[in-house]
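Using the numbering used here, the first residue of the sequence shown is number 1, and each one after it goes up by one.
In what follows, a single structure is set out as structure tokens and then discussed.
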Amino acid sequence: MIQSLTSFDFALSYAHAFRVLLNKHYESRLSGNYQDFSLIVPLMSIGGFACELFLKSLVDKKLKTHKLYSDLYKNLDTNTSNEIETIVVQCMRLKKNKPDYDSLTFKSDFMKQDRLFEDFRYLYEPKKDKPQVVYNIDFTEVLVSALQTICELKFGKRPITEIQNGI
């Protein structure tokens with residue numbers, strides 16, 4: 001019997017697409033390929049959507065929202081939100097070589113990316129009353145990985161992940 005795909009299964013696909021685009025974007029920084037450099041817009045949109053789907057997998061109730069921090073993260077049980085925070089803080093300390101990266105910085109970075117998917121999906125539309133937000137690509141990369149890890153621990157590995165990892 002084939003089980004239906006869940007938000008977690010779709011999140012895995014979006015997380016993979018995010019990493020593929022991220023690698024192309026990083027390579028473009030060295031090569032100067034503007035076309036690949038401009039992948040930042042779809043990669044951030046896809047990264048935001050991957051985070052949204054992972055978070056929706058972890059939230060106990062069904063929420064119709066794109067708000068990563070204020071709606072989804074805030075509706076997680078305390079243990080899960082603490083796990084996410086711990087993993088992201090530790091990874092950001094290592095990735096950015098910033099031993100002072102802490103819980104307050106995590107919350108600040110996460111709140112800034114509350115509407116990550118929507119903001120990049122509709123980037124082409126002018127926003128008169130909304131201040132310009134600077135997004136942290138490193139935070140997005142770490143958050144996608146942390147959420148995937150927590151989902152895999154909770155729900156188990158999926159065939160799509162095992163295939164991607166060559167298992």
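In this text, a Cβ means the ideal position worked out from N, Cα and C, and glycines have one as well.
Bear in mind that the values here come from a model prediction, so they are computed numbers and not experimental data.
Check: Cβ of Thr149 within 9 angstroms of Cβ of Ile87?
Finding: Translated into positions along the sequence shown, residue 149 becomes position 149. Translated into positions along the sequence shown, residue 87 becomes position 87. In contact: Thr149 and Ile87 (Cβ atoms closer than 9 angstroms).
Next item on the list: Rank Leu21, Glu27, Phe8, Leu68 by C-alpha distance to the C-alpha of Leu116 and give the top, closest one.
Entry: As a position in the sequence shown, residue 116 is number 116, starting the count at 1. Out of Leu21, Glu27, Phe8, Leu68, Leu68 has the C-alpha closest to the C-alpha of Leu116.
Checklist line | For His16, the nearest candidate out of Met44, Ser57, Glu83 (CA to CA) | finding: Taking the first residue of the sequence shown as position 1, residue 16 is located at position 16. Nearest option by C-alpha distance: Met44.
Notebook entry, point to check: Would you call Asn73 buried or exposed, if buried means 16 or more other Cβ atoms sit within 10 Å of its Cβ?
Noted result: Here residue 73 refers to the residue found at position 73 of the sequence shown. Here the sequence assigns Tyr to residue 73, which means Asn is not the residue at that position. So Tyr73 counts as buried.
Next item on the list: Check whether the stretch 79-95 touches the stretch 37-54, taking contact to mean three or more Cβ pairs, one atom from each stretch, closer than 8 angstroms.
Entry: no
Next item on the list: Just the C-alpha distance for Lys24 and Leu123, rounded to the nearest angstrom, thanks.
Entry: On the sequence shown, residue 24 is found 24 positions in, with the first residue counted as 1. On the sequence shown, residue 123 is found 123 positions in, with the first residue counted as 1. Going from the Cα of Lys24 to the Cα of Leu123 covers about 20 angstroms.
Next item on the list: Taking all protein chains shown into account, decide if Met1 is buried (16 or more other Cβ within 10 angstroms of its Cβ) or exposed.
Entry: Along the sequence shown, read from residue 1 onward, the residue named residue 1 stands at position 1. The predicted model places Met1 with a pLDDT of 31, which falls under 50 and marks its position as unreliable; any figure quoted below should be read in that light. So Met1 ends up on the exposed side.
Note to self: Just verifying my parser: in three-state terms, what is the DSSP assignment at Asn82?
What the structure shows: Taking the first residue of the sequence shown as position 1, residue 82 is located at position 82. Three-state result, Asn82: helix.
Next item on the list: Tell me whether Asp9 sits in a helix, a strand or coil according to DSSP, three-state version.
Entry: Position 9 of the sequence shown, counted from the first residue, corresponds to residue 9. Three-state result, Asp9: helix.
Notebook entry, point to check: Just how far apart, CA to CA, sit Asp119 and Pro126?
Noted result: Your numbering for residue 119 matches position 119 in the sequence shown. Your numbering for residue 126 matches position 126 in the sequence shown. Their backbone Cα atoms lie some 11 angstroms apart in a straight line.
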